[in-house]
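S.K.: For the sequence shown, the numbering used here begins at 155 and goes up steadily by one. Sharing a structure here in structure tokens format.
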Amino acid sequence: MINEIELIDLLEKLCIADGTPGNECAAAEIAKEAIGKYMDAHIDNMGNVVATQKGNGKHFLLDAHIDRIGMVVTSIADDGFIKVGACGGVDARTFDSAEVIIYGKKPVYGVISAIPPHLTKSGENKASDITDVVIDIGMDKETAEKYITPSDRIVFKSSFKKLLNSRVCCAALDDRAGVLSLVLAVDMLNEKEIKPNLTVVFSVCEETNGSGAKTSSFKASPDEAIAVDVSFATAPDVSDEEAGILSAGPMIGFSSTLDYNMSRQLVSVAQKNDIKFQKEIMGSKTGTNADGIAVSGCGVKMGLVSIPLRNMHTQVEIVDVDDIRNTAKLICEYITERMEEC
């Protein structure tokens, strides 16, 4: 059984690793090593971490995406400032004075340039478009070109912090928290000596086009699948009608993309096992890998479990580790019940 120190250590390693869409190698290697203690694991042609276990009964697929939002170098200006483009759903409102790491020939530290308030014209808004963003690395163009080239990836510099109670703060908890929950779920199944026919995927490119989950689920061709992602948590000016609540358990998705009976059974499993949970009601698509997995191959019976997360797509995302544990427990108990039914 993974203890608390090991859990936090693995989560920190996952969160501080590079891994923007299409370049997830660093995080993938960490995830592969973690899940490889329990299952046969490899990295496929797309860059997905795919772990398999031959077992009994129905074939289950569990998915969590390994990529994180970031940026890409588009050009180096004559004055040495770095121009950027988005890799995933970055929010320019959070950029002013942010610290970044550019992964060039060697990691290069930089800061996103901000106009001093003294020089801001009346009514002038902060940067609202990625094309307005420039990074200052303290070099002229000639020097910058020795280390950086267009296409190099950029991530926000962020440190992993433990907050009060069981909450943690860092960038990339979307969806490295989900990755951890699946490692924990497999660990729990192993402790119970339950061996399902199982594929676990830590998929690439969810933040852009979902290609990792689509291709891996097509190849796996499971009977049932559960995607684990994060979803919005309440905050000032964000009501519990719009979002989940931190520390109140995983959010079980209900959507026209998802199998209704599967969602209901996830609720039933949570109730039987005294697992905290919340419902997340969505009218149509979920905006997660569940949408793509559900229609892969000849169709897959699909469920979605989300971990409440505050400050999504920022350098200071917050989750409750207890919600991660309860997500893992829910998935473990769901698979256990389904195997007993077969």
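Yeah, the Cβ is synthetic: ideal placement off N, Cα and C, and Gly gets one too.
(1) Determine the contact status of Gly264 and Asp290, defining contact as a CB-CB distance below 8 Å.
(2) For Ile435, which of Val473, Gly234, Met416 and Glu395 has the nearest alpha-carbon?
(3) DSSP three-state label for Asn465, please.
(4) Asn319 by DSSP, collapsed to three states: which one?
(5) Under 8 Å between the Cβ atoms of Thr174 and Arg222?
(6) Pair every Cβ in the segment 367-376 with every Cβ in the segment 224-231, then say whether three or more of these pairs are closer than 8 Å.
(7) Could you give the distance in angstroms between the alpha-carbon of Ala182 and the alpha-carbon of Ile220?
(8) Evaluate the contact criterion for the segment 463-479 versus the segment 406-422: three or more CB pairs, one atom per stretch, below 8 Å.
(9) Ordered along the chain, which non-local residues of its own chain (more than five positions away) have a Cβ less than 6 Å from that of Pro261?
(10) Counting Cβ pairs, one atom from each stretch, are 3 or more of them under 8 Å apart for the segment 485-492 and the segment 324-343?
(11) Checking 8 Å against the spacing of the C-beta atoms, do Ala339 and Ala482 come in under that value?
(12) So, Lys315 versus Val322, is the Cβ gap smaller than 8 Å?
(13) What's the call for Met456, buried or exposed, on a 16-neighbour Cβ count within 10 Å?
(14) Output yes or no for whether 8 Å exceeds the beta carbon distance between Val288 and Ser267.
(15) Out of Lys212, Met193, Ala218 and Phe214, state which residue places its alpha-carbon closest to the alpha-carbon of Asn202.
(16) Express the C-alpha separation of Phe356 and Lys167 in angstroms, rounding to a whole number.
(17) Grouping DSSP H, G and I as helix and E and B as strand, with all else coil, what is Ala331?
(18) Counting C-beta neighbours from all protein chains within 10 Å, is the total for Ser422 16 or more, i.e. buried, or is it exposed?
(19) Can you give the Cα-Cα distance for Glu299 and Glu378, rounded to whole angstroms?
(20) Identify whether Thr285 lies in helix, strand or coil by the three-state DSSP scheme.
M.R.: Walking through what the data contain:
(1) yes
(2) Glu395
(3) coil
(4) For Asn319, the three-state secondary structure derived from DSSP is coil.
(5) yes
(6) no
(7) Across the structure, Ala182 and Ile220 are spaced so that their CA atoms are roughly 7 Å apart.
(8) With a cut-off of 8 Å, the segment 406-422 and the segment 463-479 do not count as touching, because too few Cβ pairs lie within range.
(9) Spatial neighbours of Pro261 in its own chain (CB-CB distance under 6 Å, excluding positions within 5 residues in sequence) are listed in chain order as Ile255.
(10) yes
(11) yes
(12) Contact: yes.
(13) buried
(14) yes
(15) Ala218
(16) 15 Å
(17) Helix at Ala331.
(18) exposed
(19) 49 Å
(20) Helix at Thr285.
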